[in-house]
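The structure appears right after this line, and notes come after that.
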């Protein structure tokens, strides 16, 4: 896991940190979180959920409310200002210094630390090669494209061998195609550096691609922590289920290991998840539902509409559950609006959600 | 009436006013400057005649010193005021920008009250040191007077520029380990450079052309506007006065044009 | 701890600068209503000096207001239509015209006054009337009105409004009255405030152009500083403050901290 930028980094612990701003806004409820050394942790959530506030508390740009602590490898850094925390921070707007060229930007942190000029130049060259921006060293910041700026911001943050790398929506400012390409590069880079990284985004595809673990946040609190697969297949509640990937939330009556729906009966396997007989909430992903011939199917419905998404079709089927459900249909299958269809769902892919959904 | 006609009509009153009361008179001024006994030489006199040159040097030095001091003072205070809010903040800002519309004469009077023969500072030094310190009528008094009318305007411009600074640049510098002084030096001051250029140019041009303050303080210090005045009214040396005026006008216009080409159209002209 | 010391030092510095600016002004206001400046407030407060100022200089006060209002009228009639045209045309000619009308700000008032004297000194009736001073004031306050109005035009996309009014059949003059001017109101107000304030406080230009019968307030002030006792000069300055400060406050409220051009003669 070591590489040209090796630093492995520190283990980060956030203990009981909440944040209330001067105007009374409660941005963060007291929460506790552990980040393992070398791990890439993604903070995912809609805007206003507190993920950026949490990142800034870890960075040292905000102080947590009384009682909150931030620890780097068991050392309490809550009182240490950002200048001395040795973090590497990549801002959403990149915050490159317009009065310095690319090389000077990258070397700035080293200059502050008193690194000699020859050593600085060597390190800058290393980082330029690492981030793939050879030839741009003497360009001014306003002559760079969005993708180039992002790479310079990253190089600058990593140059000082920080204890932890903090990234605040680094890809949000780019257009979709570029974003996807850079996502892959960023992933490769983070793996290679092996440094502890905390990454903030509202894009769940990004989160799942980059994160070793994901922290889904909502209204200043943690909704779920887990690996991308955990979060996707076993969401803890309705919010997480709907935020990550498309989800059909089905309300039904549970009876002896099956769900009673208007369109038929659906056997359920997997964890009961504390749901008892009676009214339950279940999550089913569109890709887990197959359209099958009506004869022999346990669940029936009628197709309302079909749209072509590119790599597949998306159909809206009503009558099977109380509300219309979304079904992924492969392009090889021809389905028309108005058709009556049968639905087959693997019992193990149905996830019962806890009663207090939201 | 067509649109075109209307548009032309809209410009007519302006054309009349500006041509009659500015363009023609200025042309007349330029011609008069060369109409004296020394002819066109009068225009070079500003640089060649030792007396005039001394006045020019005095004026430039005074204006430069005023600009430098004002920029420093306005930056320290402007940064402070824009970054910290506290009870009484609005009052403090009002106090600092209150003299914005004072004509030079009033500023001169302020200096007399402060450091004149019955001035406040004189009273204080009399009580503390037994000697009355009077400097309103010397170069120090003039300098203070120039500061008095420059500070309010430059502070406003600096504060407006500070407001537009991108906070994430400073945070990035801090994240890289820069202490407060380094952040000021490497991030804030470079970002404020255009504002410094613009307001510095205005302050310099205003100080070069300032007349009322020097007039009230009736100083012995030769500044160009006072020289022009005395040439015209006391020496009746109209051609010389005209030539000097044109020279002064060219210099102030050039400074402002230069600042505008670097700072964009945000540079407002001086008085 | 270091932060607090830094804060304290900066605060002290700023307070010192503010004191430098305010203390003489306050002194002068006090002196204007004190019986005897040398004995200070102990000698009692009085309005006698203000009354004396009124007796001696009432005409200057009126004349300053007259010229300021007249300058406002002139800049409105000349400046608003011109701003409209310059905004619509937006070509090289407009740029040049804008440059020319802004020139008076770059040239010291003394020079302009001299130019006017040389050109019109011979027309003694004009030269001796307050209209001569008005001419100077109009030329130098005009760019402020024009710029303020043009700024509003640019911000509210007046071109499109004009086009839609014309598509509805309105003639250029109708459009100007019904659409252009009402939408320019904030700019006109801002410009008006500036024009009046600048005209009231103008000295450099006015001093050269005035005659004993056409004195304005700042000219009177210069006289009083030279020849009157301190209390009278202070009372006169107090009157000036009372006139000008409300205007300044209005301007600040209007323009915020945008550092609007306030080219003021010194």
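Residue numbers (the numbering used here), protein chains in the order written: chain H, 1 to 358; chain E, 1001 to 1271; chain L, 2001 to 2266.
Yeah, the Cβ is synthetic: ideal placement off N, Cα and C, and Gly gets one too.
What are the boundary residues of the beta strand (DSSP E) that includes residue i?
i, result
"residue 199(H)", "197 to 201"
"residue 13(H)", "12 to 20"
"residue 30(H)", "26 to 35"
"residue 353(H)", "351 to 353"
"residue 1089(E)", "Run containing residue 1089(E): none in the beta strand (DSSP E); it sits in the alpha helix (DSSP H), 1089 to 1097."
"residue 344(H)", "340 to 345"
"residue 164(H)", "164 to 168"
"residue 192(H)", "Element bounds for residue 192(H): not the beta strand (DSSP E) but the alpha helix (DSSP H), 176 to 193."
"residue 233(H)", "Run containing residue 233(H): none in the beta strand (DSSP E); it sits in the alpha helix (DSSP H), 228 to 233."
"residue 120(H)", "From DSSP, residue 120(H) is part of no beta strand (DSSP E) but of the alpha helix (DSSP H) over 117 to 131."
"residue 217(H)", "213 to 218"
"residue 40(H)", "40 to 44"
Since residue i and residue j should fall inside the 8 Å C-beta cutoff, what is the C-beta to C-beta distance between them, to a whole number of angstroms?
i, j, result
"residue 85(H)", "residue 60(H)", "5 Å"
"residue 280(H)", "residue 301(H)", "With 8 Å as the limit, residue 280(H) and residue 301(H) do not qualify as a contact, their Cβ atoms being about 19 Å apart."
"residue 1192(E)", "residue 1158(E)", "7 Å"
"residue 266(H)", "residue 299(H)", "6 Å"
"residue 220(H)", "residue 26(H)", "6 Å"
"residue 328(H)", "residue 351(H)", "Not quite, the Cβ-Cβ distance comes to about 17 Å (not below 8 Å), so this is no contact."
"residue 73(H)", "residue 10(H)", "4 Å"
"residue 1142(E)", "residue 1217(E)", "6 Å"
"residue 2084(L)", "residue 2144(L)", "Actually they are not in contact, since the Cβ atoms of residue 2084(L) and residue 2144(L) sit about 16 Å apart, beyond 8 Å."
"residue 52(H)", "residue 64(H)", "About 14 Å separates the two Cβ atoms, so there is no contact after all."
Report the partner residues of residue i according to the DSSP bridge assignment.
i, result
"residue 285(H)", "According to DSSP, residue 285(H) bridges with nothing at all."
"residue 2034(L)", "2045(L)"
"residue 260(H)", "253(H), 265(H)"
"residue 75(H)", "72(H)"
"residue 308(H)", "313(H)"
For the alpha helix (DSSP H) holding residue i, just list the boundary residues, first then last.
i, result
"residue 1121(E)", "1120 to 1129"
"residue 2145(L)", "2130 to 2155"
"residue 100(H)", "Note, residue 100(H): premise wrong, no alpha helix (DSSP H); not H, not E."
"residue 315(H)", "From DSSP, residue 315(H) is part of no alpha helix (DSSP H) but of the beta strand (DSSP E) over 313 to 318."
"residue 148(H)", "146 to 159"
"residue 1008(E)", "1003 to 1018"
"residue 208(H)", "204 to 210"
"residue 2162(L)", "2158 to 2167"
"residue 2197(L)", "2185 to 2201"
Relative to the C-alpha of residue i, which candidate in the options has its C-alpha closest?
i, options, result
"residue 55(H)", "14(H), 296(H), 22(H)", "14(H)"
"residue 2135(L)", "1014(E), 1089(E), 1033(E), 1237(E)", "1014(E)"
"residue 150(H)", "135(H), 253(H), 172(H), 296(H)", "172(H)"
"residue 1207(E)", "1149(E), 1037(E), 1165(E)", "1149(E)"
"residue 2149(L)", "2118(L), 2169(L), 2194(L), 2109(L)", "2194(L)"
"residue 2204(L)", "2192(L), 2212(L), 2187(L), 2222(L)", "2222(L)"
"residue 184(H)", "196(H), 207(H), 198(H)", "207(H)"
"residue 2189(L)", "2160(L), 2172(L), 2152(L)", "2152(L)"
"residue 1228(E)", "1010(E), 1029(E), 1023(E)", "1029(E)"
"residue 49(H)", "209(H), 196(H), 218(H), 131(H)", "218(H)"
"residue 1138(E)", "1108(E), 1124(E), 1156(E)", "1108(E)"
"residue 33(H)", "224(H), 335(H), 252(H), 148(H)", "224(H)"
"residue 985(E)", "1255(E), 1098(E), 1134(E), 1209(E)", "A question about residue 985(E) goes unanswered here, because the residues of chain E that appear run from 1001 up to 1271."
Residues of the segment 2115 to 2129 of chain L with a CB closer than 7 Å to any CB of chain E: list them in chain order, please. Correct list: 2115, 2116, 2118, 2119.
Using a beta-carbon distance cut-off of less than 8 Å, what residues from the segment 1086 to 1103 of chain E approach chain H? Sequence-ordered contacts of the segment 1086 to 1103 of chain E with chain H are nonexistent [C-beta pairs closer than 8 Å].
Mind listing which residues of the segment 2097 to 2114 of chain L have their C-beta closer than 8 Å to chain E's C-betas, in chain order? 2097, 2100, 2101, 2102, 2103, 2104, 2105, 2106, 2107, 2108, 2109, 2110, 2111, 2112, 2114
Residues in the segment 1161 to 1184 of chain E with C-beta within 8 Å of chain H's C-beta atoms, listed in sequence order? 1166, 1168, 1169, 1171, 1172, 1173, 1174, 1175, 1176, 1177, 1178, 1179, 1182
Between the segment 2177 to 2191 of chain L and chain E, which residues of the former have a C-beta closer than 8 Å to a C-beta of the latter? none
Under 9 Å, CB to CB, which of the residues in the segment 133 to 164 of chain H have a partner in chain E? Correct list: 153, 156, 157, 159, 160, 162.
Could you please tell me which residues of the segment 1190 to 1208 of chain E, in chain order, have their CB closer than 9 Å to any CB of chain H? Those residues of the segment 1190 to 1208 of chain E that come within reach of chain H (Cβ to Cβ, closer than 9 Å) are 1190, 1191, 1193.
For the segment 302 to 333 of chain H, enumerate the residues whose C-beta is nearer than 9 Å to any C-beta of chain E, in chain order. none
If you measure beta-carbon to beta-carbon, which residues of the segment 1028 to 1042 of chain E are closer than 7 Å to chain L? 1028, 1029, 1032
Where the segment 93 to 121 of chain H meets chain E: residues whose CB sits under 7 Å from a CB there: 93, 95, 97, 99, 108, 109, 112, 113
Give me the subset of the segment 1215 to 1244 of chain E whose CB atoms are less than 9 Å from a CB atom of chain L, sorted by chain position. 1215, 1216, 1218, 1224, 1225, 1228, 1229, 1232, 1233, 1238, 1241, 1242, 1244
In chain order, what residues of the segment 1108 to 1121 of chain E put their CB closer than 8 Å to some CB of chain L? Taking 8 Å as the upper bound on Cβ-Cβ separation, chain L lies near residues 1108, 1109, 1110, 1111, 1112, 1113, 1114, 1118, 1120 of the segment 1108 to 1121 of chain E.
Looking at chain L, which residues of the segment 1247 to 1261 of chain E have a Cβ within less than 7 Å of any of its Cβ atoms? 1248, 1249, 1252, 1253, 1256
Give me the subset of the segment 1132 to 1144 of chain E whose CB atoms are less than 9 Å from a CB atom of chain L, sorted by chain position. 1144
Between the segment 1042 to 1064 of chain E and chain H, which residues of the former have CB atoms less than 9 Å from a CB of the latter, in chain order? none
Taking Cβ-Cβ distances below 7 Å as the criterion, which residues of the segment 222 to 251 of chain H are in contact with chain E? none
What residues in the segment 1069 to 1081 of chain E bring their beta carbon closer than 7 Å to a beta carbon of chain L? 1073, 1076, 1077, 1080, 1081
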